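Accompanying notes for the structure given below.
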Amino acid sequence: MPFILEGIVTTRNSDGSINIAPMGPVVELEQEGEIKQLLFRPFQDSKTCQNLMATKQGVFHLSDDVLLFARAVTKQLTAAELPLLPAKKIEGEIISNACRWYEFQITSCDTSSIRAELKAEVFHRGGVRMFLGFNRAKNAIIETAILATRLDLLDGDFIEEELKRLQVIIEKTAGEQEREAFDLLTKFIASNREGAS
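Taking the numbering used here as reference, the numbering of the sequence shown is continuous, increasing by one, and the terminal residue is 201.
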């Protein structure tokens, strides 16, 4: 049964540089439990969508490094800071310390709504270690990162309530990495909400 899986996507910009973005595609698994298809639903004005429409390829990564997610959302991450390797089957880059990665090609595009629907087939996969999942604090970072990407879509009171709820989880269960990630994200949210008012 298809489900949404949060990860990091690398795509190539028109100048050859690397774009790094968090994204939660709908994934479909093979019988062995590996990802075989992905459905990306990016907003059409996003750099990731533009790159996928232009090149028709990218790499989807599973990572337990929530600071990576926070830095990608807050635009405080550059390709130069990451351990990157060339992809094997596509023109793209792999974040080499991700738990798992999936090189993919776009097989169909639907741009009839504000969010494109881009279906992709996995052509090559690899990894360095098992993805063990997220504890409560890491889950809270993923939820905060999603909030940070939806500031223009969500009500301000809802955002405030969610941040209070997530902060309790961070205070009770977070380690150093999660605290740093939460701090980055909450500062980004506060700054961008002030800029919008």
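A virtual CB, placed ideally from N, CA and C, is assigned to each residue, including glycine. Quantities reported herein were computed from a predicted structural model and do not represent experimental measurements.
Contact check, residue i vs residue j, beta carbons under 8 Å
i: P46; j: V30; result: no
i: A108; j: G37; result: Contrary to the premise, residue 108 reads as Phe rather than Ala in this sequence. Against a cut-off of 8 Å, the Cβ pair of G37 and F108 comes out as no contact.
i: I110; j: K123; result: yes
i: K60; j: N23; result: no
i: I150; j: H65; result: no
Burial state of residue i, where buried means 16 or more other Cβ atoms lie within 10 Å
i: M134; result: exposed
i: T82; result: exposed
i: V77; result: buried
i: A84; result: exposed
i: F44; result: buried
i: S201; result: A caution first: S201 carries a pLDDT of 48, below 50, which makes its placement in the model unreliable, though a value can still be read off. Exposed, because fewer than 16 other Cβ atoms sit within 10 Å of the Cβ of S201.
i: T115; result: exposed
Distance between residue j and residue i (C-alpha atoms, nearest Å)
i: T190; j: T148; result: 8 Å
i: I193; j: I146; result: 14 Å
i: I8; j: Y106; result: 15 Å
i: A185; j: S195; result: 15 Å
i: Q41; j: C113; result: 14 Å
i: A25; j: Q181; result: 19 Å
Check whether the segment 94 to 102 and the segment 168 to 181 are in contact - that is, three or more C-beta pairs closer than 8 Å. no
Which parts of the segment 79 to 164 are runs of the beta strand (DSSP E), unbroken and 3 residues or longer, counting only runs that do not cross its ends? 88 to 90, 97 to 99, 104 to 114 and 121 to 131
Counting Cβ pairs, one atom from each stretch, are 3 or more of them under 8 Å apart for the segment 153 to 167 and the segment 102 to 119? no
For the segment 124 to 140 against the segment 16 to 26, do three or more pairs of beta-carbon atoms, one drawn from each stretch, fall closer than 8 Å, so that the two count as touching? no
Secondary structure, beta strand (DSSP E): runs of 3+ residues fully inside the segment 46 to 75: 61 to 66
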